[in-house]
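Student:
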DNA sequence: GCTCCTATTTGCATGATGCATATATTATTG
DNA sequence: CAATAATATATGCATCATGCAAATAGGAGC
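Chains as they are written, first to last, in our numbering: chain A, 1 to 104; chain B, 1 to 104.
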């Protein structure tokens with residue numbers, strides 16, 4: 001979930017509500033996202049210095065908290081990409097092992 | 001973790017201690033496994049009827065609890081394979097999206 | 001006897017996630 | 001204009017997987 005938010009913010013800076021919709025559209029995660037979880041993650045990411053935020057008063061609707069990715073956030077996202085590539089490889093191993101056993 | 005245990009038990013029936021070692025060898029999961037977690041999962045799988053167990057007194061060393069996969073366990077493992085294939089696809093999507101953004 | 005390996009179990013803490021709910025502002029619809 | 005829906009953020013509580021630590025117990029080798 002954290003890497004998904006960082007990736008979407010690498011794409012472009014935006015606010016939490018739009019991130020919730022983007023997460024569903026992009027299909028990185030199955031199903032619809034829980035708003036509470038997303039906002040909590042964003043606050044946590046800001047605590048850790050991976051994103052920064054500022055209030056955006058202008059525009060329609062309620063005030064939005066606009067998030068953007070920091071330099072540190074980009075580095076952490078790169079590390080996440082490595083981790084995810086590893087997980088993907090492990091899943092492939094799992095699936096090939098399962099298929100092999102199923103044949104016999 | 002649960003699907004990994006079911007897969008290893010599809011391969012052959014065995015006991016918890018050997019499963020811990022197999023999990024590290026097979027590389028389904030990074031690093032070494034925590035015994036407490038493995039045994040707790042096995043008890044949980046038995047509660048859910050996905051595996052069955054019996055004490056194996058014979059042989060050297062302390063008594064072993066021999067686990068084997070049930071019919072229901074095989075079905076649940078098949079469902080896990082579907083889920084994992086879906087997760088793998090989502091990770092591929094994530095990585096390709098990340099690489100694309102990194103180029104520009 | 002002492003230590004190590006095998007084998008299982010339990011307690012406690014943390015971190016991600018899900019569901020529900022509270023809140024305030026704007027847009028829409030009857 | 002009043003009621004409702006959509007936008008936008010936040011908090012509380014529960015559950016589940018995981019990790020660290022420690023306890024127990026039998027057998028093997030020095």
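All C-beta atoms, glycine included, are put in the ideal place defined by N, C-alpha and C.
1) If you draw a straight line from the C-alpha of residue 105 of chain B to the C-alpha of residue 48 of chain A, how long is it?
2) Is the beta carbon of residue 66 of chain B sitting closer than 9 angstroms to the one on residue 10 of chain B?
3) Check whether the segment 90-103 of chain A and the segment 37-53 of chain A are in contact - that is, three or more C-beta pairs closer than 8 angstroms.
4) In this structure, does DSSP put residue 173 of chain B in helix, strand or coil?
5) Find the residues of chain B that neighbour residue 98 of chain A, judging by a C-beta separation of less than 7 angstroms, and give them in chain order.
6) Starting from residue 68 of chain A, find everything on chain B with Cβ-Cβ shorter than 7 angstroms and list it in chain order.
7) Going by CA-CA distance only, name the one from A/61, A/52, A/22 that's closest to residue 71 of chain A.
8) Does the CB of residue 72 of chain B have a neighbour CB from chain A at under 9 angstroms?
Tutor: In this structure, then:
1) Here chain B has residues from 1 to 104 only, and residue 105 of chain B is not among them.
2) On the second chain, residue 66 of chain B is found 66 positions in, with the first residue counted as 1. On the second chain, residue 10 of chain B is found 10 positions in, with the first residue counted as 1. No, Cβ-Cβ distance for residue 66 of chain B and residue 10 of chain B is not below 9 angstroms.
3) Verdict: no, contact absent.
4) Nothing about residue 173 of chain B can be read from this structure; chain B reaches only from 1 to 104.
5) Position 98 of the first chain, counted from the first residue, corresponds to residue 98 of chain A. In chain order, 7, 81 make up the part of chain B whose C-beta sits under 7 angstroms from the C-beta of residue 98 of chain A.
6) Position 68 of the first chain holds residue 68 of chain A. Chain-ordered listing is empty here: chain B has no CB closer than 7 angstroms to the CB of residue 68 of chain A, the nearest sitting near 14 angstroms.
7) The sequence position of residue 71 of chain A within the first chain is 71, counting from 1. Of A/61, A/52, A/22, the residue nearest in Cα terms is A/52.
8) To locate residue 72 of chain B, count along the second chain from 1; it is residue 72. Cβ-Cβ to chain A under 9 angstroms: no for residue 72 of chain B.
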